[in-house]
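Engineer: Counting from 1, one number per residue, gives the positions in the sequence shown under UniProt numbering. What follows is a single structure, and I will ask about it in a moment.
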Amino acid sequence: MPSPKAKNAGRRDGSPVLGSNFDFVSLTKPLNRSSPPHLLQRQGSDPTTARLRASESPSRRRGSGSSTGSASGQGPPEEDGIRLNPSLIGISLSSLLAIDLWLSKRLSVCAFEDASWGSARPLMKLIEVSGHGIPWLAGAAYSMYKSDSAAGQEVMLNLLMGLLLDIILVGAVKAVVRRRRPAHNQMDMFATFSVDRYSFPSGHATRAAMCGRFLLAHLVLAAPLRVLVLLWVGLVGLSRVLLGRHHVTDVLFGFWMGYCQYKLVEILWLSPQTLQGLLGLLA
Ligand SMILES: CC(C)=CCC/C(C)=C/CC/C(C)=C/COP(=O)(O)O
């Protein structure tokens, strides 16, 4: 009677099952004569092995009469086992992707006016505007201009630099990755660049995370306000998914990227001397 492991080792479509010992037995090691008979039988008939054999290049098939034992029905050559590891990573990634797509679709409850939480759409769009680049750029430039202390101007200049850096980095990643926005997204955002038709990462999430860190480090000291800042960052990220603008992973990666971008702003921090030089050039 076949063991339960051997029975469940391959799916109907022939894809291997994660965590099954049978995959490793059949694909990584040439089966020796001391193997149990049921494994010897599965070696020839299981769909995973059959698929691997079918995808072998002619040159590999020609070489299969070597001492590796393929031609003698003793299993695929050793290097097939080496190719299995990347496929495990691939399977894990596609599982994560499937969960991401499913979860993002389920959470997009404000994607349309007649969706289950459609009445909250205007509020979500308000949160969207609060994380848009234009109000942040305009606000930072205005505060820098209005600030009467060199320290205040310095902080605002660096926030401005961070915002510009964010636009460039997010644009670059979006252009390289080119992940499409969810199908249920309505493309009704204001003031977007052409790369904003892409989804990964969420520019709102990177900006919210970077600005949130910036505010906490330089501008907001009172504890209740610090909580509000964190709440706002979280709401901006959540609203991207609820509006159906983004997948969950776009927002999570965006948060991480924005967090790192703040570190970059600190490294590139423009000093008062640099500021004086820049203002001297402008005057
Ligand atoms: C002066 C000027 C044209 C500034 C552009 C400001 C800006 C960053 C616009 C893009 C904002 C936007 C809608 C980004 C997309 O965000 P996702 O969260 O949907 O990636």
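We put the CB at the ideal spot given by N, CA and C, even for glycine.
Flag this pair as yes or no: are the beta carbons of P182 and M257 separated by less than 8 Å?
Structural biologist: No.
Engineer: Q273 to Q186, Cα distance in whole Å?
Structural biologist: Answer to the nearest angstrom: the Cα atoms are 46 Å apart.
Engineer: Do Q276 and G162 have their beta-carbon atoms positioned less than 8 Å apart in this structure?
Structural biologist: It is not a contact, given that the beta carbons lie outside the stated cut-off.
Engineer: The alpha helix (DSSP H) spanning V233 covers which residue range?
Structural biologist: Residues A223 to L242.
Engineer: For the candidate residues G244, L231, S271 and L165, whose alpha-carbon lies nearest to that of D188?
Structural biologist: If we check each option's Cα against that of D188, G244 comes out closest.
Engineer: What does the alpha-carbon distance come out to for the pair H246 and H132?
Structural biologist: Taking the straight line joining both Cα atoms gives about 15 Å.
Engineer: Note the first and the last residue of the continuous alpha helix (DSSP H) segment covering W136.
Structural biologist: Taken as a continuous stretch (DSSP letters only), the alpha helix (DSSP H) holding W136 covers G133 to K146.
Engineer: In this structure, does DSSP put R180 in helix, strand or coil?
Structural biologist: In the structure shown, R180 sits in a strand (DSSP, three-state: E or B).
Engineer: Expressed to the nearest angstrom, what Euclidean distance is found between the alpha-carbon atoms of R226 and A98?
Structural biologist: Their backbone Cα atoms lie some 36 Å apart in a straight line.
Engineer: When you measure from the CB of T274 to every non-hydrogen atom of ligand 1, does any distance come out below 7 Å?
Structural biologist: Incorrect: T274 has no Cβ contact closer than 7 Å to ligand 1.
Engineer: What does DSSP give as the partner residues of Y198 in its beta bridges?
Structural biologist: R180, per the DSSP bridge assignment.
Engineer: Does the pairing of the stretch 148–165 with the stretch 200–215 give three or more beta-carbon distances under 8 Å?
Structural biologist: Output reads yes: the stretch 200–215 touches the stretch 148–165.
Engineer: I need the DSSP call for V109, collapsed to helix, strand or coil.
Structural biologist: In this structure, V109 counts as coil in the three-state DSSP scheme.
Engineer: Over what stretch of residues does the alpha helix (DSSP H) that includes G212 continue unbroken?
Structural biologist: Taken as a continuous stretch (DSSP letters only), the alpha helix (DSSP H) holding G212 covers G203 to F214.
Engineer: Along the chain, where does the alpha helix (DSSP H) containing D250 start, and where does it finish?
Structural biologist: V248 to I267 is the extent of the alpha helix (DSSP H) around D250.
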